[in-house]
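The next block holds one structure in the form of structure tokens; read it before the comments.
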Amino acid sequence: MKKRLFIFVLIFAALCSSFVFATHNESTATASSVDTSCNSYCDKSVYYFRGYYNTAAQKCYYLSQQCSLGCDKATNKCVPEPAKCSSYCSKGVYYYRGYAGIDGSCFYSKLQCEYGCNDNGTVCASAPIPTTPVITATITPVNCHDSDGNSTATSGTVTVTYSDGTTRAYNDGCRFHQSYNPRVVSEYVCDDTRVDKLRQLDIDCAQAYGSSSSCYQGDTRLGYCSNIPVTTTQVTPVTPQDEISTQAPEESEISETIEIPEEKETAIKVDEQDETEETTEVPEEKKTEITAIQPDSCSIGCLDQNNNCIPVGIRIPGKYCDIDREIKPQLNSGISCNNNYECGSNFCADGKCTAAGFMQKILNFFGWIINIFGGEGDKEEAKEIAEEVRVVEEGSKEPQPAPIVNLGQYFTDNIVNVDIEGVGEDIEVMIISGPTVEIEQIPGFTQTHPDDNPGRATLFPLVFEYDGALKTEIELYKNLPINLTIRVKELDHETVAFSWYYRQYMLTDVQPGFEGRSRYTLTAPLHYTRVPMFRDPSGINPQMSRNPETDSEVEISGVIQDVYPVVEVNETARKITLTFDYVEAGGIWDWVRNFVQGIPDKRSMGVIQNDPANPDRELSARNYYEVWPIWYSQSEGFSLPQKAKEKVVLTFSRSEERR
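Here our numbering is used: the first residue of the sequence shown is 564, the next is one more, and so on.
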């Protein structure tokens, strides 16, 4: 009996072990059969591509594209669409090099047709065939004179006299041109009897004259130079008396074509006319004037209706200059804001504009303290402050412009100590325009979506105000390079939280500032190998600063994660604006600095919206791809690191809801 029981137990154990082994093999086979390659494929008129395997979820995630003509089984991709966006001619404009954008719209380069479109509307029409005999006259320059003596650092006029007796004037100066960078300096010099044009692209026009040079011939990194054609050929009908009549060269005959190597063409290409103001003079009976005037540019801010350049963050009556270089109306109480200057009261607290009446109560309290403990001078100053607030809140009763009042600056938010090499240390100044960088955005497209690329970086001027014993020493550096360090200190006035360094900046302007102070403008050097503006420490370990009512969770791959700035998204313009407290910005400046140094560093980004009532509950999330910065600034809060605000504007190529 025992022997039989023992045999039965052995058989049962063998069966169990074989079952476990089979189960293990089956599970192993199942696990090994998971496809982690995530290859592209097409299914039900949707093409799935750029797949990646998520280990945690154990499945593939893809980007997708709708196939308008269904799937091609042979290629496992979308059926190719027929060619569209073909070239055509309409109303004297030839549209060519067409391609479809992500929304299916066609984008073209444009060319103005001199003789209109042909009969079929396909291309530009050819020049009409003359009905009378023609003769060719060659017009050449015979004399050239530069009023500034061929100086590239002085604004003047070059006058060229041609063999037919006509003259042409070329004016040095700063102009705006739609097809190039808006900050363009043009210099004309004489080369024997001919004129050479030197054009500098990435330069602040305000610093062009008064510096050592506004353009360097042959410097391909910062600009380029080109020689204007010196010989033009005209076809003129013969008069019945066989007399030859010559005319002044037409604009199209002396216009230049400039090519920039390795630069992508924009979606709409405008005619490459000369952007400077030029005048052609001919004999009295045939006198013709040709002018081409472009509006002035303002590289550090906005142009007002009187063509005055208003720096970013500066207020004018009822309006302010925003970072996108547009003058905007100031906001009323209760409206969301990022900076004091956006509000009519000039006071932004907890992300919303606060009424000036609230500030008046604060001033009344301080006035009460001053009345008890202060002297006559303090009382007069308190009256002036109260009057400024009254003007902001009620408006002046007299027909005069309202004063520019910046309560944030008045309450020392932007007062900071600086070291100026050769002048002194711990000099107390007020920052008007702090560290600001703009990165050129060059439009580009793939076959399916926009794909812009970064260009040159513009370092905006540092602007500060000062009223102290060292004014004379500072002004000795007018039009000379200067080294300056901004030191943002903790509340103990000793510990430096971080510093901004400005190296070899040029003191280009000294003007009257607010309340009797002098305003100093320092502009970046034209040529540099190392970025002349940097921060130390460059980045910090980000800390959480979370306001559930205004903040969104943001993560940028390899840059920051689990931080909560104020986020504004414009899907149409493909822009995301982030406003950070100092403690949460982390290494955002390091990322921006890469682009300033010419190192492209596009990233992926996620924006997560949480429930304000339950911040740990995610409501929605969106992913953004090919993200990179086009603007950086520390807009305010230099007196204490806890008050500092860093604003970054990003662009992206495409986005999708997170699945």
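Beta carbons: idealized from backbone N, C-alpha and C, even for Gly.
Residues in the same chain with beta-carbon distance under 6 Å from residue 726, minus the five sequence neighbours each way, listed in chain order, please.
Counting from one through the sequence shown, the residue named residue 726 turns up at place 163. Around residue 726: 702, 703, 705.
Which class does residue 677 belong to by DSSP, given the choice of helix, strand or coil?
For this step, residue 677 is matched to residue 114 along the sequence shown. If DSSP states are grouped into helix, strand and coil, residue 677 belongs with coil.
When the Cβ atoms of the stretch 996-1003 are set against those of the stretch 1194-1202, are three or more pairs found closer than 8 Å?
yes
Cross-strand partners of residue 734 (DSSP beta bridge)
Stepping through the sequence shown from its first residue, residue 734 is reached at position 171. 720, per the DSSP bridge assignment.
Tell whether a beta-carbon distance below 7 Å holds between residue 1158 and residue 990.
As a working mapping, residue 1158 is identified with position 595 in the sequence shown. As a working mapping, residue 990 is identified with position 427 in the sequence shown. No. Outside cutoff.
In three-state terms, what does DSSP make of residue 1137?
Mapped onto the sequence shown, residue 1137 falls at position 574. DSSP places residue 1137 in coil when its eight states are reduced to three.
Starting from the C-beta of residue 676, find all residues in its chain whose C-beta is less than 6 Å away, skip the five residues before and the five after it, and write them out in chain order.
Here residue 676 corresponds to residue number 113 of the sequence shown, with the count starting at 1. These residues qualify, in order along the chain: 655, 657, 687.
Using CA atoms only, rank isn't needed, just tell me which of 1167, 1134, 1172 is closest to residue 1116.
As a working mapping, residue 1116 is identified with position 553 in the sequence shown. Out of 1167, 1134, 1172, 1172 has the C-alpha closest to the C-alpha of residue 1116.
Separation of residue 691 from residue 549, as counted between CA atoms:
Residue 549 lies beyond the stretch modelled for the chain, which goes from 564 to 1222, so this question has no answer here.
Of the listed residues 719, 1033, 1148, nearest to residue 1126 (C-alpha basis):
Here residue 1126 refers to the residue found at position 563 of the sequence shown. Comparing Cα positions, the closest option is 1148.
Identity of the residues DSSP links to residue 622 by a beta bridge:
Within the sequence shown, the letter at position 59 stands for residue 622. 617.
Pull up the distance between the alpha-carbon of residue 1208 and that of residue 1142, whole angstroms please.
The sequence position of residue 1208 within the sequence shown is 645, counting from 1. The sequence position of residue 1142 within the sequence shown is 579, counting from 1. Taking the straight line joining both Cα atoms gives about 7 Å.
Report the start-end ranges of each beta strand (DSSP E) in the stretch 1093-1173 that is 3 residues or longer and not cut off at the edges.
1096-1099, 1116-1119, 1123-1126, 1129-1133, 1138-1144
Please classify residue 913: is it buried, with 16 or more other beta-carbons within 10 angstroms of its beta-carbon, or exposed?
Along the sequence shown, read from residue 1 onward, the residue named residue 913 stands at position 350. Counting the other CB atoms within 10 Å of its CB gives residue 913 a total below 16, which places it among the exposed residues.
Quick check on residue 1135: buried or exposed, where buried means 16 or more other Cβ atoms within 10 Å of its Cβ?
Position 572 of the sequence shown, counted from the start, is the residue given in the question as residue 1135. Exposed.
Rounded to the nearest angstrom, what separates residue 1202 and residue 1043 at their Cα positions?
Position 639 of the sequence shown, counting from 1, holds the residue named residue 1202. Position 480 of the sequence shown, counting from 1, holds the residue named residue 1043. Whole-angstrom Cα-Cα distance: 28 Å.
Going by DSSP, what residues sit across from residue 1188 in a beta bridge?
Position 625 of the sequence shown, counted from the start, is the residue given in the question as residue 1188. Answer is 1217, bridged to residue 1188.
When the distance is taken between beta carbons, is residue 610 closer than 7 Å to residue 624?
Working through the sequence shown from its first residue, we reach residue 624 at position 61. Working through the sequence shown from its first residue, we reach residue 610 at position 47. No, these two residues do not count as a Cβ contact at 7 Å.
Roughly how many angstroms lie between the CA atoms of residue 613 and residue 603, to the nearest whole one?
Within the sequence shown, residue 613 is the residue found at index 50, counting from 1. Within the sequence shown, residue 603 is the residue found at index 40, counting from 1. C-alpha separation (whole angstroms): 7 Å.
Could you please give me the residues that DSSP links to residue 708 through a beta bridge?
Start at 1 with the first residue of the sequence shown, and residue 708 comes out as number 145. Answer by DSSP bridge pairing, in chain order: 722.
From residue 1061 to residue 1110, what distance separates their C-alpha atoms?
On the sequence shown, position 498 is the one that residue 1061 refers to. On the sequence shown, position 547 is the one that residue 1110 refers to. When rounded, the distance between both Cα atoms is 24 Å.
Can you grab the Cα-Cα spacing for the pair residue 1145 / residue 887, in whole Å?
The sequence position of residue 1145 within the sequence shown is 582, counting from 1. The sequence position of residue 887 within the sequence shown is 324, counting from 1. Taking the straight line from one Cα to the other gives about 22 Å.
Whose C-beta lies closer than 7 Å to the C-beta of residue 1124 among residues of the same chain, with five residues either side of it excluded?
By 1-based counting over the sequence shown, the position of residue 1124 is 561. Closer than 7 Å at the Cβ level, and outside the excluded window around residue 1124, lie 1118.
Contact between the stretch 1028-1038 and the stretch 1076-1096 is defined here as three or more beta-carbon pairs at a separation below 8 Å; is this criterion met?
yes
Look up residue 1076 in the DSSP assignment and say whether it is helix, strand or coil.
For the purposes of this step, residue 1076 is identified with residue 513 of the sequence shown, where counting begins at 1. Correct three-state label for residue 1076: coil.
Range covered by the alpha helix (DSSP H) that runs through residue 1034
Counting from one through the sequence shown, the residue named residue 1034 turns up at place 471. First-last of the alpha helix (DSSP H) with residue 1034: 1034-1038.
Taking buried to mean at least 16 other C-beta atoms within 10 Å of its own C-beta, is residue 1101 buried or exposed?
Translated into the one-based positions of the sequence shown, residue 1101 becomes position 538. Residue 1101 should be labelled exposed.
How big is the Cα-Cα spacing for residue 709 and residue 729?
As a first step, residue 709 must be located in the sequence shown, where it is residue number 146. As a first step, residue 729 must be located in the sequence shown, where it is residue number 166. So the two alpha carbons sit approximately 17 Å from each other.
Quick one: using the 10 Å Cβ neighbour count with 16 as the cut-off for buried, is residue 893 buried or exposed?
Within the sequence shown, the letter at position 330 stands for residue 893. By the neighbour-count rule (16 or more Cβ atoms within 10 Å), residue 893 is buried.
Give me the residue from 1059, 985, 993 with the minimum Cα distance to residue 1047.
Looking up residue 1047 in the sequence shown gives position 484. Of the candidates 1059, 985, 993, the one whose C-alpha sits nearest the C-alpha of residue 1047 is 985.
Quick check: residue 1150 and residue 1122, are their CB atoms within less than 7 Å of each other?
Sequence index remark: in the sequence shown, residue 1150 carries index 587 (1-based). Sequence index remark: in the sequence shown, residue 1122 carries index 559 (1-based). Contact: yes.
For residue 895, count neighbouring Cβ atoms within 10 angstroms of its own Cβ and tell me buried if that reaches 16, exposed if not.
On the sequence shown, position 332 is the one that residue 895 refers to. Its Cβ having fewer than 16 others within 10 Å, residue 895 is exposed.
Bounding residues of the beta strand (DSSP E) (the contiguous stretch that carries residue 1028)
Sequence index remark: in the sequence shown, residue 1028 carries index 465 (1-based). Taken as a continuous stretch (DSSP letters only), the beta strand (DSSP E) holding residue 1028 covers 1025-1029.
Could you tell me the alpha carbon to alpha carbon distance between residue 755 and residue 1089, rounded to whole angstroms?
Sequence index remark: in the sequence shown, residue 755 carries index 192 (1-based). Sequence index remark: in the sequence shown, residue 1089 carries index 526 (1-based). Rounded to whole angstroms, residue 755 to residue 1089 spans 29 Å at the Cα level.
Three-way DSSP call (helix, strand, coil) for residue 1204 in this model
Locating residue 1204 in the sequence shown gives position 641, counting from the first residue. Reduced to three states, the DSSP call for residue 1204 is helix.
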